[in-house]
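What follows is a set of notes on a single structure, which appears directly below.
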Amino acid sequence: MTVPTTQAGTPASILDTPGLDPEETMSRDELEVLQLRRLQHTVAYAYDRVPLYRRKYDDAGIHPNDLRELSDLGNFPFTTKEDLRAEYPFGMFAVPQNEVARIHASSGTTGRPTVVGYTQQDLADWAKLVARCFRASGIRPGMKVHNAYGYGLFTGGLGAHAGAEALGCTVIPMSGGQTERQIQLIQDFQPDAILATPTYLLTIADAMTHMGIDPTSTSLKYAVLGAEPWTQEMRHELEVTMNIKACDIYGLSEVMGPGVAGESVETQDGSHIWEDHFRPEIIDPFNPLAGKENVLGDGEHGELVFTSLTKEALPIIRYRTKDLTRLLPGTARPAHRRMGRITGRSDDMIILRGVNMFPSQIEEIALRIPELSPHFQLELTRPEGQRMDQLTVRIERRESVTLELGATAGHSLREQIKIHVGSSCTVDVVDPGTLARSNGKLRRIYDLRSGS
Ligand code: DLL
């Protein structure tokens, strides 16, 4: 999501939304008092109960008592995905197993899965925060909500489910996949809102058209989309195609799941981080030394780092998300800072002939060319005997566009990428309906370079 840099101000009417939590309307000063109290508790709690934190802090010569003001957090060591993997499965848990009410885990495609746990209190806090996001996105108690996030070990399905219930909605627990059935149920049950990844909502809209259903004619009015990067251009595409208001929801399993941050429908200017439960920091990912001088200021781009302030089963301190963004002042919830658009993850960055690029940049450029669809893949190859990597953007032309016009649009995409990203690539415009569709988080990059 592209976010304006200036603070838009907060019309009083937004803060009059019925049912807001008191923490949503408190002042920044009040919020920081609460943060410091909770932070001091969490760091001491983690040090007492989780051997990894004790070891790390002892090795670094730092103690929870050294945390006297919020910025002192910058002196504590980071926690990484590798730490969680090394402690697989339950080494990071701060409570005995009989107090763990739920376990989730990442898919673990690139190694051991990371396992996270929740006490009953954690689950209640999580549901409250997801409900907060949905309310901000326009959903109200009594509405019917179609949940197309995947149920299971992934935090999306059950996390969104509990949040919608906590808000007082009627939940339709559809999960991901079975697209035709989803569409049938949307037709029959007439939900007001849909929860899905942006690319899966695109799949649904696309399939509706193929089934002869006008996607603008459904009962849906709101969509709360997340779990993968998406752009302002994608928001526009989905809002127009489906005649809905689409807001962002952000989160990650290691920190909680969906609901760490959520966007307001009135401003649609990026997700507010719920700072009564999480303390965000931005660091330089390429110089991630501990020490508060390495924490970047608000507005500066870098890697997002989170510390949980209330979690019991899995307190997480200075977790490096690998998500690249910046912190911006709060608008619709003035005390809570917003996160800018996530440009990408540091591990999704393509380095092509020395130029850094992210799939979201291609999305942004491609969607401004009317003949091209939002369905695209990026293929990285290194042709035999060559030292340079090659990027091929494979993208579908829109249904109504001829082969010739599609090819011209492809040339234009190649030019625009050269101008805006600064690197040459090949663009292959393919027939509509030929690229794999998303069922949840879409894989955009196919890295076919030998040895990778
Ligand atoms: O994707 C949690 C979630 C579920 C969020 C449903 C929103 C909706 P993980 O599977 O642990 O958790 O993946 C977390 O997904 O570090 C980001 O890279 C990415 N991500 C999540 N939300 C957004 C978003 C869930 N709104 C990883 N925009 C994170 C961009 C997102 N990227």
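Going letter by letter, the sequence shown gives residues 537 to 988 in my numbering. In this text, a Cβ means the ideal position worked out from N, Cα and C, and glycines have one as well.
Does the beta carbon of residue i fall short of 7 Å from some heavy atom of ligand 2?
i: Ser789; result: No copy of ligand 2 appears in this structure; the ligands present are ligand 1.
Quick one: give me the first and last residue of the alpha helix (DSSP H) that residue i is part of.
i: Ser844; result: First-last for Ser844: Gly838 to Ser844, but that is the beta strand (DSSP E), not the alpha helix (DSSP H).
i: Thr944; result: Leu939 to His956
i: Tyr736; result: Pro734 to His746
i: Val776; result: Gln768 to Met778
If we ignore side chains and look at the alpha-carbon of each, how far apart do residue i and residue j end up?
i: Phe814; j: Arg873; result: 11 Å
i: Ala849; j: Arg591; result: 19 Å
i: Glu716; j: Val929; result: 28 Å
i: Asn634; j: His640; result: 16 Å
i: Val831; j: Leu864; result: 15 Å
i: Leu606; j: Pro751; result: 48 Å
i: Thr578; j: Ala972; result: 44 Å
i: Arg904; j: Gly969; result: 20 Å
i: Gly946; j: Gly838; result: 32 Å
i: Tyr654; j: Val957; result: 42 Å
i: Val539; j: Val776; result: Since pLDDT at Val539 reaches only 48, below the 50 mark, its modelled position is unreliable, and the value read off the structure follows with that caveat. Rounded to whole angstroms, Val539 to Val776 spans 20 Å at the Cα level.
i: Val791; j: Ala943; result: 44 Å
i: Thr616; j: Glu566; result: 30 Å
i: Asp619; j: Pro587; result: 12 Å
i: Ala763; j: Glu799; result: 14 Å
i: Lys680; j: Trp766; result: 25 Å
i: Cys783; j: Met770; result: 11 Å
Thinking just about the alpha-carbon of each residue, which of the options is nearest to the one in residue i?
i: Arg923; options: Val963, Arg933, Leu908 and Arg985; result: Arg985
i: Pro524; options: Leu845, Thr553 and Glu560; result: Because the chain here runs from 537 to 988, residue 524 falls outside it and cannot be looked at.
i: Lys857; options: Ser882, His837 and Met875; result: Contrary to the premise, residue 857 reads as Thr rather than Lys in this sequence. The shortest Cα separation from Thr857 among Ser882, His837 and Met875 belongs to Ser882.
i: Lys828; options: Ile819, Gln952 and Asp834; result: Ile819
i: Glu701; options: Val796, Leu689 and Arg671; result: Arg671
i: Ile785; options: Ala732, Thr739, Gly647 and Leu845; result: Ala732
i: Arg889; options: Gly695, Asp925, Thr655 and Glu769; result: Asp925
i: Gly712; options: Thr615, Ala684 and Pro821; result: Ala684
i: Asp834; options: Met875, Leu588, Ser800 and Met679; result: Met875
i: Arg585; options: Ser549, Phe626 and Asp595; result: Phe626
i: Ala698; options: Arg854, Asp661 and Gln714; result: Asp661
i: Asn892; options: Lys954, Arg564, Thr843 and Thr867; result: Lys954
i: Leu556; options: Glu769, Gln718 and Val666; result: Val666
Please state whether DSSP places residue i in a helix, a strand or coil.
i: Arg923; result: coil
i: Glu560; result: helix
i: Cys783; result: strand
i: Leu888; result: strand
i: Tyr624; result: coil
i: Asp661; result: helix
i: Gly610; result: helix
i: Asp595; result: helix
i: Ile719; result: helix
i: Asn830; result: helix
i: Ala797; result: strand
i: Asn823; result: coil
Would you mind reading off the limits of the beta strand (DSSP E) that contains residue i?
i: Phe912; result: Leu908 to Thr917
i: Thr970; result: Run containing Thr970: none; DSSP gives neither H nor E here.
i: His640; result: Arg638 to Ala641
i: Ala759; result: Tyr758 to Gly762
i: Pro895; result: Per DSSP, Pro895 belongs to no beta strand (DSSP E); it is in the alpha helix (DSSP H), Pro895 to Ala902.
Pop quiz: residue i and residue j are said to be a contact at Cβ under 8 Å. What is the actual Cβ separation, rounded to whole angstroms?
i: Pro794; j: Ala696; result: 6 Å
i: Arg854; j: Phe612; result: 6 Å
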